[in-house]
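Enquirer:
Structure representation (structure tokens):
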């Protein structure tokens with residue numbers, strides 16, 4: 778047999794559950810209305826695109842694709858906490874690491890290697906007995 782405080786607790790929980798249920802059912806109707814509005818909006822955009830010339834459709838497609846690429850390029854993967862001493866106080870600053878910063882490192886490395894090999898070829902051309910970094914067969 779439940780005690781008085783257990784009955785009160787059960788009634789409070791029941792009231793809370795009923796309140797949550799009411800909140801969810803009210804929001805469900807609003808969500809359905811928003812879904813209908815979004816579908817109508819999507820249909821109106823599709824109708825507008827059907828009437829657009831091919832050149833403008835291609836331009837809109839490229840604009841959307843470029844926006845997507847920019848979003849991926851600027852996507853923040855993680856942040857690094859950097860502590861700097863300023864006027865005797867430690868100041869912590871968060872620096873974002875994005876896809877663009879990670880992609881830039883291999884590009885710089887490859888460009889640097891290419892430049893080194895180009896310079897090496899130009900330098901060794903002027904010296905007939907010098908083979909540079911290349912290994913020659915005996």
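Residue numbers (the working numbering): 778 to 915. Positions of the beta carbon are idealized from the N, C-alpha and C atoms, including for glycine. Computed from a prediction, not measured in an experiment: that's the story for all the values here.
1. Taking the DSSP output, what are the residues bridged to residue 855?
2. By the DSSP assignment, the alpha helix (DSSP H) with residue 816 in it spans what residues?
3. Measure the beta-carbon distance from residue 859 to residue 872 and round it to whole angstroms, keeping in mind my assumption that it falls under 8 Å.
4. Would you mind stating whether residue 884 and residue 857 have Cβ atoms separated by less than 9 Å?
5. Starting from residue 842 and walking both ways along the alpha helix (DSSP H), at which residues does that stretch end?
6. Given a cut-off of 9 Å, decide if residue 826 and residue 837 are closer than it, judged by their beta-carbon atoms.
7. Could you tell me how far apart the beta carbons of residue 870 and residue 876 are, in whole angstroms, since I believe they sit closer than 8 Å?
8. Where DSSP assigns a beta bridge to residue 869, which residues make up the other side?
9. When the distance is taken between beta carbons, is residue 809 closer than 9 Å to residue 850?
10. Can you check which of these residues, 855, 835, 778, is closest to residue 878 by C-alpha distance?
Expert: Taking the structure as given:
1. DSSP, once it has assigned bridges, lists 874 as partnering residue 855.
2. First-last of the alpha helix (DSSP H) with residue 816: 781 to 828.
3. The Cβ separation is near 6 Å, so the contact holds.
4. No.
5. Judged by DSSP secondary structure, residue 842 falls within the alpha helix (DSSP H) whose first and last residues are 831 to 850.
6. It is a contact, given that the beta carbons lie within the stated cut-off.
7. Their Cβ separation, rounded to whole angstroms, is 21 Å, which puts residue 870 and residue 876 out of contact at 8 Å.
8. Paired residues: 860.
9. No. Outside cutoff.
10. Residue 878 has its Cα closest to that of 855, out of 855, 835, 778.
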